[in-house]
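Heads up: the structure comes next, in structure tokens.
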Amino acid sequence: MSNIDNIAQAPNFDSEAFLNSVTEQAGVYRMYNSEQTVIYVGKAKQLKKRLTSYFRKDVGSVKTKALVKQICAIDVTVTHTEGEALILENNYIKKYQPRYNILLRDDKSYPYLLITNHKHPKLGLHRGGKRTKGDYFGPYPTVGAVWESLRLMQKIFPIRQCEDSYYKARSRPCLQYQLGRCLAPCTDKVSQTNYQQQVELAKLFLKGKSSMVIEQLVSKMELASTQLDFEQAAKYRDQITTLRKVQQQQYVSGIAAEMDVIGLYRIKSQVCIHLLCIRDHKILGSKSYFPTVPSDSSDEEIIQAFIGQHYLGNELGSGKNEGSIPKEIVAPFDFEQIKELASLLSEQTEHEVKISTKIRSERRQYLKLAATNAHSALVTRNSHKESMQARFAALNEVFELANGINRIECFDISHTMGQQTVASNVVFTQEGPLKSDYRRYNVYGITPGDDYAAMAFALNKRYGKIKVTDVESLEKLPDIVFIDGGKGQLAKAEDFFSQLNTEQGLERIPLLVGVAKGESRKPGLETLILAGSHQLISLPATSPALHLVQHIRDESHRFAITAHRAKRQKASKKSVLETIEGIGAKKRQALLTHLGGIQEVNKADMAELEKVPGISKVLAKNIYDAIHNK
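Each residue of the sequence shown is one higher than the last, beginning at 107 in this note's numbering.
Shown next, in the form of structure tokens:
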């Protein structure tokens with residue numbers, strides 16, 4: 107049993123097993139809490155070295171200690187370089203807004219480069235809301251990175267970086283013009299056309315299209331030379347030279363604007379497919395999939411099945427997948443129905459979709475990156491699986507079940523002073539949490555606050571309809587049922603299964619075990635209570651069996667409390683006006699519109715309520731009395 111006021115303890119994270127399998131390459135890591143929320147995103151030159159530092163005994167930072175206590179899972183994404191990791195970290199932070207990243211970094215928005223919509227556009231740093239009209243490039247991880255980019259841009263593209271107020275006040279060129287870093291549009295030293303050409307070239311460069319910029323500059327240089335304008339040709343030549351010196355193609359911010367890249371790694375029948383999603387020249391994120399495949403399936407068949415199942419989820423031509431299907435999908439192998447799939451995807455998304463398998467240069471590097479991540483994810487998953495199997499084996503050493511332990515279920519109750527009671531049922535196998543079999547039950551028809559009755563209600567919902575003829579239900583009958591609570595909750599579970607056995611004649615009844623919290627309610631002090639004998643079992647704090655019990659109990663608590671909070675929030679949003687007889691949707695809307703919101707309705711006296719169209723004197727009194735509990 108849990109109460110809304112109790113904070114869920116994070117399941118015991120096996121850091122040792124994770125660190126043994128994590129890669130030493132550069133990359134980005136995401137840390138999750140018990141609610142599967144990303145709480146921190148970080149980057150590292152060496153992932154293993156960086157992640158190991160979190161789990162040292164001598165961690166000095168209070169914030170780091172608080173973070174580590176909440177970690178339930180860690181995902182890693184491998185990158186080519188630390189620079190790529192920096193960009194990807196920034197993208198993840200924007201996407202997830204992790205709590206601990208906000209605490210450990212400043213709360214200012216990320217900086218951008220902005221080229222304004224002006225007669226003579228300005229290039230400069232921008233921070234805050236995008237209210238200024240113009241083209242935004244970024245975000246950048248730090249202000250320092252923006253200033254570095256501005257200095258580079260100034261050397262290549264001589265467009266102004268001064269404020270509009272300074273620009274308007276100039277009567278003669280400033281020092282930047284003398285240094286060749288600005289064309290001085292403020293004093294008409296350059297034509298509107300030539301200035302705009304430099305602006306467009308700068309935009310192309312910031313979009314990662316530096317090769318296109320060089321091509322255009324070469325054409326302009328040749329044209330100027332043909333026209334015997336050697337001074338202008340020399341300027342274009344210097345621009346080209348500088349560009350070639352600083353041109354650095356980054357795989358995370360390259361020429362590919364919109365594509366998905368599929369990486370595959372396989373160990374016999376175990377398969378991991380890693381999907382890199384690239385939009386607007388950046389990796390927006392990545393995800394690993396672990397499909398179940400027959401052992402004799404070829405790699406080509408696996409890729410074909412994945413593309414079909416992943417992208418073809420809606421009716422053709424519905425437009426529901428518009429935006430989720432990229433213009434290009436890069437796959438590691440050619441396969442039989444590649445043309446058919448591409449045609450179906452194009453029809454579904456209403457734009458041409460290309461499936462590429464014969465690739466070079468940048469796309470090959472992306473593919474290598476996806477494969478590397480697939481390998482890392484599968485190794486990590488296998489390590490977790492082995493750890494879970496070891497914990498199941500350790501638990502069976504405690505209970506000595508003849509057929510071993512393959513399926514465990516746990517129940518928990520959550521409420522606030524008896525209100526919005528919710529029961530949870532979570533399921534674990536030797537693979538880990540089986541979330542597809544999780545269930546929540548809204549508890550009703552009991553005395554508010556009666557946890558024993560609530561537990562009986564939940565057990566009946568889960569097992570009450572099981573019959574000896576129902577083979578599928580019998581196969582899903584657990585080996586152990588954990589009851590989060592003491593002897594009282596366990597006794598209710600015993601009574602229920604005893605009655606179920608009498609009525610249905612089940613051949614096998616799960617082992618019932620109560621999980622009682624210690625006096626201080628700290629992890630490691632739990633006591634297990636066996637059904638029947640009510641024998642008390644206390645496991646060592648370092649026991650893998652106890653770690654498994656804690657994980658299951660905490661997951662059950664998380665699942666229950668999440669549902670309860672949602673139910674409570676929904677109830678709190680319900681207006682008192684909805685409970686008053688004679689007040690329908692139209693009259694509620696009239697009250698809110700006329701008085702200016704629910705707070706004003708609550709403050710209004712009877713005279714003000716009577717002025718609302720459609721509200722009679724009698725109805726106004728009923729409303730007033732209901733609001734003020736009279």
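A virtual CB, placed ideally from N, CA and C, is assigned to each residue, including glycine. Computed from a predicted structure; not experimentally measured.
Check, Outcome
"Pair within 7 Å by beta-carbon distance, Ile-177 and Met-137", "yes"
"Under 7 Å between C-beta atoms of Thr-222 and Gly-240", "yes"
"Which listed residue (Glu-122, Val-128, Ser-255, Ala-123) has its alpha carbon closest to that of Ser-482", "Val-128"
"Cβ contact check for the segment 698-718 and the segment 557-569: 3 or more pairs under 8 Å", "no"
"Nearest to Lys-160 (by Cα), restricted to the options Asp-585, Leu-125, Thr-685", "The displayed chain sequence assigns Tyr, not Lys, to residue 160. The candidate whose alpha carbon is nearest that of Tyr-160 is Leu-125."
"Exposed unless 16 or more other CB atoms sit within 10 angstroms - verdict on Leu-173", "buried"
"Pair within 7 Å by beta-carbon distance, Glu-687 and Ala-637", "no"
"Rounded separation between Arg-545 and Leu-698 - CA only", "38 Å"
"Residues near Lys-723 by beta carbon distance below 6 Å, same chain, minus five either side", "Glu-716"
"Assumed close pair Asp-518, Asp-590 - CB separation to whole angstroms, cut-off 8 Å", "4 Å"
"Integer-rounded CB distance, given that Met-327 should sit under 8 Å from Arg-343", "6 Å"
"The segment 571-581 touching the segment 608-625, judged by at least three CB pairs closer than 8 Å", "yes"
"Same chain only: Cβ atoms within 8 Å of Val-165, ignoring 5 sequence neighbours per side", "Ser-159, Lys-171, Val-174"
"CB-CB length for Val-718 against His-700, believed under 8 Å", "5 Å"
"Status (buried if at least 16 other CB within 10 Å, exposed otherwise) for Phe-311", "buried"
"Among Arg-659, Leu-229, Ile-704, nearest to Ile-514 - alpha-carbon criterion", "Arg-659"
"Asp-111, DSSP secondary structure in three states", "Annotation note: pLDDT 34 at Asp-111 (below 50); position unreliable, no value reported."
"Cys-292 in three-state terms, based on DSSP", "helix"
"Nearest-angstrom Cα separation, counted from Val-587 out to Phe-119", "22 Å"
"Integer-rounded CB distance, given that Ile-461 should sit under 8 Å from Ala-437", "6 Å"
"Environment of Lys-679 [buried if 16+ CB atoms lie within 10 Å]", "Low per-residue confidence applies at Lys-679: pLDDT is 49, beneath 50, and the placement is therefore not dependable, though the value from the model is reported in the following sentence. Exposed, by the Cβ-count rule."
"Secondary structure of Pro-650, DSSP reduced to three states", "helix"
"Which residues DSSP lists as bridging Met-365, in chain order", "Ile-384, Glu-434"
"Endpoints, the alpha helix (DSSP H) within which Leu-636 is located", "Per DSSP, Leu-636 belongs to no alpha helix (DSSP H); it is in the beta strand (DSSP E), 633-636."
"First through last residue of the beta strand (DSSP E) which encompasses Ser-522", "Residue identity differs from the one stated: residue 522 is Thr in this sequence, not Ser. From DSSP, the beta strand (DSSP E) with Thr-522 extends over 513-522."
"Sequence-distant residues of its chain with Cβ nearer than 6 Å to Gly-133 (five each side left out)", "Leu-153, Val-182, Thr-183, Val-184, Thr-185, Ala-191"
"Start-to-end residues for the alpha helix (DSSP H) that takes in Thr-222", "Here Thr-222 belongs to no alpha helix (DSSP H); instead the beta strand (DSSP E) covers 218-222."
"Buried versus exposed call for His-640 [16 or more other C-beta atoms within 10 Å across all chains shown]", "exposed"
"According to DSSP, residues forming a beta bridge with Tyr-371", "Cys-378"
"Assigned exposure category for His-521 - 16 Cβ within 10 Å defines buried", "buried"
"Minimum C-alpha distance to Cys-61 - residue among Pro-432, Lys-374, Val-377", "The structure shown does not extend to residue 61, since the chain spans only 107 to 736, so no value can be given for it."
"Gly-133 - DSSP class collapsed to helix/strand/coil", "strand"
"Integer-rounded CB distance, given that Phe-665 should sit under 8 Å from Val-532", "5 Å"
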